[in-house]
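J.: The sequence shown begins at 1 in the working numbering and counts up one residue at a time.
Just so it is clear, CB atoms sit at the ideal spot from N, CA and C, and this is done for glycine as well.
This structure is a prediction, so every number in the text was calculated from the model and none was measured.
Take this structure first; my questions come after.
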Amino acid sequence: MLLRGAPSKGDPRKAHVRRTVLDDPSEAELSAFRILQNEFATKPWPAHHDRNRQLYMDLDASKEAGFGAMVYHTTPGYSHDPQKPPASTAIQPVLFLSRCLSRAESNYWPTELEVACLVWVLRKVRHLVQAAPVDLPVIIYTDHSGTTAIADSASLRSVASDRLNLRLVRASQYIQQFRVKVFHPPGVTNKVADALSRLPSTDPTLADEDQDDLDALCVTPDQSDQHSSTIHISDEFRDRVRALYDADRRWSSVIKTITTPSDDPVQPVLPYEYEDGLLYQVDAEGTRSLCLPKSLAAEIFRLVHDEQAHQGLDRSWSKLRGLVFPRGLKLLHEYIKHCPQCMDNRTARHRPYGSLQPVLSPPVPFHTVTLDIVLGLPMSSDGFDAMMTVTDKFSKAVGLIAGKAKWDGKDWAWPLLTFFWMANWGLPAAIVSDRDPKFTQGLWSAIFSILISLLYSNTKVSSTIFRSSSPKR
């Protein structure tokens, strides 16, 4: 069963879980037992499992509260988009599951933790999943997008063996034996099991200096090298940030969520603070960083990169400490990558570019022609809004073929062959074109099929057909 705070309610008894009988239970253990006893005395589920009905699962994992999941049906006749969880009023719970994390699981990173929750739930309800009909695979909702990718992947291969996470590979292989569909709904709509992730983190996980041997390779500054500075925001810049919040999609949504009261019983605990018209992001240690709109990114990047001797990504990123942009690291990487001065001074580390290979053709008219299609033309009286240009490489003669923008390669085949015949150009020996899908998908096959059909139906159409195939004979 998934009881609200069940792992924490039974935590006093967790140390004695291997014992059969408690010799001298403490008052905290007795209180936890009575709470669980009262919870089990109620009957919160209104339906029994039916293998002929669609089975759903909502699961979530949290380092603070452990694993949690709910297996349920929906009311008969209820229909909805399978990629989104059903409405809470249509849910008929079948069973609830929850447990605390083991000591090893408490060190998992988020993807491993969510996948471990999915594997644990599948092991617990394996009989229900295998009993589902072939045409009704079990639908699972999770609030972690990485879980869906791992569950849907047939294999997790990597070029470098040191980057291969064998724990996720084994989990993916285990999930593949079940007929399940895993979806990642938005966090706002995932209200059933997502309460675990919405709990505020009051005990941040800090790095232990003795936990990793790599700390010895890092130079720690002495006490005398440490200093602090205070930065004040000008009133003009403060007003600009406030005005640009409304046009920024990310921060305007966050501000609306924080400032708008909601009747949702599961209130989201966002790591943001809105004070004096400015939005701040707060980390687990309580440090605040000013959230800046994306439109100010180029201006700030110019200050930390262009005016700081065009330093690299790591040094420029360290100067942005205390400022937050939506996808800021990616924006800074693209900014430095396309910096004109950095591109001029950057050492070329790629292979030398190859020389251009010109198209050599004999000095014969209409031996080699080039094709191109021009779109976006005004509509003519005949209903044409595109044209194909045919240019002879030697004489520079140009032919124009009217057409339509919606035509594909097969539609252009007949007008092109008709032009060659009517213009007395004959079939060219070489045709040059780009990789437009209109050329690569259908044009050449249509031309060859037309020429072959004409060759068998009427051998007196054009002698150029026989001349073009004579070298092959």
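Run the CB neighbour count on D248, radius 10 Å, all protein chains shown included, and call it buried at 16 or more, exposed below.
T.: Buried: at least 16 other Cβ atoms inside 10 Å.
J.: Excluding the five sequence neighbours on either side, which residues of its own chain have a C-beta within less than 7 angstroms of the C-beta of V124, listed in chain order?
T.: Reading off the sequence, residue 124 comes out as Lys, not Val. L97, listed in sequence order.
J.: Nearest chain D C-beta to A151 closer than 8 angstroms, yes or no?
T.: Absence of chain D from the displayed structure is noted, only one protein chain being present.
J.: Please go through the same chain and pick out, in chain order, the residues whose beta-carbon is closer than 6 angstroms to the beta-carbon of V254, but skip the five residues on each side of it.
T.: So the list reads Y272, once near-sequence residues are dropped.
J.: Decide if F366 is buried, meaning its Cβ has at least 16 other Cβ atoms within 10 Å, or exposed.
T.: Buried.
J.: My output table needs one value for F237: the three-state DSSP class, helix, strand or coil.
T.: The answer is helix: DSSP assigns F237 an H, G or I state.
J.: Using DSSP's beta-bridge definition, name the partner residues of G426.
T.: Paired residues: none, contrary to the question.
J.: For the alpha helix (DSSP H) that Q37 lies in, which residues bound it at each end?
T.: 27-41 is the span of the alpha helix (DSSP H), which, as asked, contains Q37.
J.: Straight-line CA distance for P437 to T89?
T.: Looking at the two C-alpha atoms, the distance is approximately 50 angstroms.
J.: Comparing C-alpha positions only, which one of G409, S433, D434 sits nearest to E447?
T.: The amino acid occupying residue 447 in the given sequence is Ile; Glu does not appear at that position. If we check each option's Cα against that of I447, G409 comes out closest.
J.: Taking the C-alpha atoms as reference points, what is the distance between A193 and V180?
T.: Per-residue confidence for A193 stands at a pLDDT of 49, beneath the threshold of 50, marking its modelled position as unreliable; the derived number appears in the next sentence. Distance between the alpha carbons of A193 and V180 is about 18 angstroms.
J.: Quick check: the Cα distance between F178 and R126, rounded to an integer number of angstroms?
T.: Distance between the alpha carbons of F178 and R126: 9 angstroms.
J.: Taking C-alpha atoms, which residue in P326, S361, R240, L417 lies nearest to F394?
T.: Comparing Cα-Cα distances from F394 to each of P326, S361, R240, L417, the minimum goes to S361.
J.: Give a yes or no on whether the C-beta atoms belonging to Y245 and L279 are separated by under 8 angstroms.
T.: Yes, they are a contact pair.
J.: When the distance is taken between beta carbons, is V94 closer than 8 angstroms to Y78?
T.: No, these two residues do not count as a Cβ contact at 8 angstroms.
J.: Judging by CA-CA distance, which residue of L323, Q173, L113 is the nearest neighbour of H144?
T.: If we check each option's Cα against that of H144, L113 comes out closest.
J.: Does DSSP put M379 in a helix, in a strand, or in coil?
T.: DSSP places M379 in coil when its eight states are reduced to three.
J.: How would you call Y353, buried or exposed, if buried means at least 16 neighbouring beta carbons within 10 angstroms?
T.: Per the 10 Å Cβ criterion, exposed.
J.: Of all the beta strand (DSSP E) runs that stay within the bounds of the stretch 343-391, which reach a length of 3 or more residues?
T.: Runs found: 368-374.
J.: In chain order, which beta strand (DSSP E) runs of at least 3 residues are fully inside the stretch 122-179?
T.: List check, beta strand (DSSP E) in window: 138-141.
J.: Applying the criterion that 16 or more other CB atoms from any shown protein chain within 10 Å of the CB defines a buried residue, is G383 buried or exposed?
T.: It is exposed - the Cβ of G383 has fewer than 16 other Cβ atoms within 10 Å.
J.: Do you know whose CA, among H333, G442, D283, W444, lies nearest R302's CA?
T.: Of the listed residues, the one whose Cα sits closest to R302 is H333.
J.: Quick check: what's the CA-CA separation for L313 versus H338?
T.: Those two C-alpha atoms are separated by around 12 angstroms.
J.: Quick one, which of L331, D50, M343, G322 has its alpha-carbon nearest H310's?
T.: Among L331, D50, M343, G322, the Cα nearest to that of H310 belongs to M343.
J.: Would you call the CB atoms of G399 and A386 closer than 8 angstroms?
T.: Going by C-beta atoms, G399 is not nearer than 8 angstroms to A386.
J.: CA-CA distance, G66 and K319?
T.: Rounded to the nearest angstrom, the two C-alpha atoms are 37 angstroms apart.
J.: Helix, strand or coil for G66? Go by DSSP, reduced to three states.
T.: In this structure, G66 counts as strand in the three-state DSSP scheme.
J.: In terms of alpha-carbon separation, which member of T257, L443, L427, G426 lies closest to D434?
T.: Of T257, L443, L427, G426, the residue nearest in Cα terms is L443.
J.: Helix, strand or coil: how does DSSP classify D408 here?
T.: Coil at D408, not helix or strand.
J.: Counting along the chain, where does the beta strand (DSSP E) carrying G403 start and finish?
T.: From DSSP, the beta strand (DSSP E) with G403 extends over 398-403.
J.: Quick one: Cα of Q341 to Cα of V241, how far?
T.: Their Cα atoms are separated by approximately 29 angstroms.
J.: In the structure shown, what three-state DSSP assignment does S481 receive?
T.: Nothing can be reported for residue 481: it is not among the residues displayed for the chain, which extend from 1 to 473.
J.: Any idea if H305 is buried or exposed, counting beta-carbon neighbours within 10 angstroms, 16 or more meaning buried?
T.: That one is buried.
J.: Can you give the Cα-Cα distance for A61 and K256, rounded to whole angstroms?
T.: When rounded, the distance between both Cα atoms is 27 angstroms.
J.: Please report the straight-line C-alpha distance between M379 and L416, rounded to a whole angstrom.
T.: Going from the Cα of M379 to the Cα of L416 covers about 20 angstroms.
J.: Determine the extent of the alpha helix (DSSP H) in which S318 is found, giving its start and end residues.
T.: Note, S318: alpha helix (DSSP H), 313-318.
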